[in-house]
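Participant:
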Amino acid sequence: MSLSDDVLAHVVQRLWWRLGTVEPGLDDDEIERVVAAVGAPLPRQFELFLRSGLPVGERWWNWPADPAGVVAGSRQWLRRTLAFGVVHRDYWQPSFGDRPSCIDTAVEQAWSVIETLPPLLPLYAHRCVVADGIEPSPVLSVWQFDDTIPYGTDLIDWIGREFDIRPDTYDAPAMRDIAGWSAAFDLNFDADAL
Numbered sequence: 556m557s558l559s560d561d562v563l564a565h566v567v568q569r570l571w572w573r574l575g576t577v578e579p580g581l582d583d584d585e586i587e588r589v590v591a592a593v594g595a596p597l598p599r600q601f602e603l604f605l606r607s608g609l610p611v612g613e614r615w616w617n618w619p620a621d622p623a624g625v626v627a628g629s630r631q632w633l634r635r636t637l638a639f640g641v642v643h644r645d646y647w648q649p650s651f652g653d654r655p656s657c658i659d660t661a662v663e664q665a666w667s668v669i670e671t672l673p674p675l676l677p678l679y680a681h682r683c684v685v686a687d688g689i690e691p692s693p694v695l696s697v698w699q700f701d702d703t704i705p706y707g708t709d710l711i712d713w714i715g716r717e718f719d720i721r722p723d724t725y726d727a728p729a730m731r732d733i734a735g736w737s738a739a740f741d742l743n744f745d746a747d748a749l
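Written out as structure tokens, the structure is:
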């Protein structure tokens, strides 16, 4: 285990203690089911998080029960928030190309770009970890496509911000650009913004 793995284990243990109701973490077979449902390797910290225990509650995604359902539900939610932004908030990014005049076509065109991007894995409520194969994996708060902000440079940083559980010694990595998603959300990844 690396130093950051040890720090993550300690922070997660403190989180579980605070939350109270935590089920056993995923085993190798269950992790394989999640990887198959996602269609991409899991970020290292996210896999360690899933293995360490699973909080129970309405805001936590139920990965062990139905990984494919979690992925499908997350994608439906992303598609709805994208459609809402395109239809009601005039949301459009240059990465989507020229905006069609037909709203339905515009939504489909924007979604076709989003589908090519690395998966966003639901973590807690509307917080998602990026699964682009590059570590560290940032956590984003995706409320609407035009209301998306970086919420942690990695899982340790996110737990500190979300639940006010910070390790005594840990230098969070700098926020990095996320290929595709940075343009889709028009995110500002200025480290000082966090």
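Residue 571 in the numbering used here sits at position 16 of the sequence shown, and the numbers go up by one each step.
Think of the CB as a built atom: it goes at the ideal place given N, C-alpha and C, for glycine as much as any other residue.
Please read all numbers here as calculations on a predicted model, not as lab measurements.
Provide the residue(s) that pair with Ala677 in DSSP beta bridges, ordered along the chain.
Facilitator: The residue asked about is misnamed: residue 677 is Pro in this sequence, not Ala. Cys683.
Participant: With the cut-off set at 8 Å, would you say Val684 and Val694 are in Cβ contact?
Facilitator: Going by C-beta atoms, Val684 is nearer than 8 Å to Val694.
Participant: Val611 lies in the alpha helix (DSSP H); which residues open and close that run?
Facilitator: No alpha helix (DSSP H) holds Val611; DSSP gives it neither H nor E.
Participant: Tell me whether the segment 643-654 and the segment 623-634 touch, counting them as touching only if at least three CB pairs, one residue from each stretch, are closer than 8 Å.
Facilitator: Contact between the segment 643-654 and the segment 623-634 is absent, because fewer than three Cβ pairs lie under 8 Å.
Participant: For Gln699, list the residues DSSP reports as bridge partners.
Facilitator: Answer by DSSP bridge pairing, in chain order: Asp702.
Participant: At which residues does the alpha helix (DSSP H) containing Gly624 begin and terminate?
Facilitator: Unbroken alpha helix (DSSP H) run through Gly624: 622-643.
Participant: Could you tell me the alpha carbon to alpha carbon distance between Trp572 and Glu578, rounded to whole angstroms?
Facilitator: About 12 Å.
Participant: Helix, strand or coil: which one does DSSP assign to Gly594?
Facilitator: Of the three classes helix, strand and coil, the one that applies to Gly594 here is coil, per DSSP.
Participant: Which whole-angstrom value is the C-beta distance of Pro677 and Val625, which I expect to be below 8 Å?
Facilitator: Indeed they touch by this definition, with Cβ atoms about 6 Å apart.
Participant: When we look at the beta-carbon of Cys657 and count the other beta-carbons within 10 Å, is it buried (16 or more) or exposed?
Facilitator: With fewer than 16 Cβ atoms within 10 Å of its Cβ, Cys657 is classed as exposed.
Participant: Between the Cα of Ala627 and those of Ala686, Thr576, Leu675, spot the shortest distance and give me the residue it belongs to.
Facilitator: Taking only the C-alpha atoms, the option nearest Ala627 is Leu675.
Participant: Going by other Cβ atoms of all chains shown within 10 Å of its Cβ, with 16 needed for buried, is Thr636 buried or exposed?
Facilitator: Buried, because 16 or more other Cβ atoms sit within 10 Å of the Cβ of Thr636.
Participant: If you count every other CB in all the chains shown that lies within 10 Å of the CB of Thr703, and 16 or more means buried, which is it?
Facilitator: Classification of Thr703: buried, given that the 10 Å Cβ count is 16 or more.
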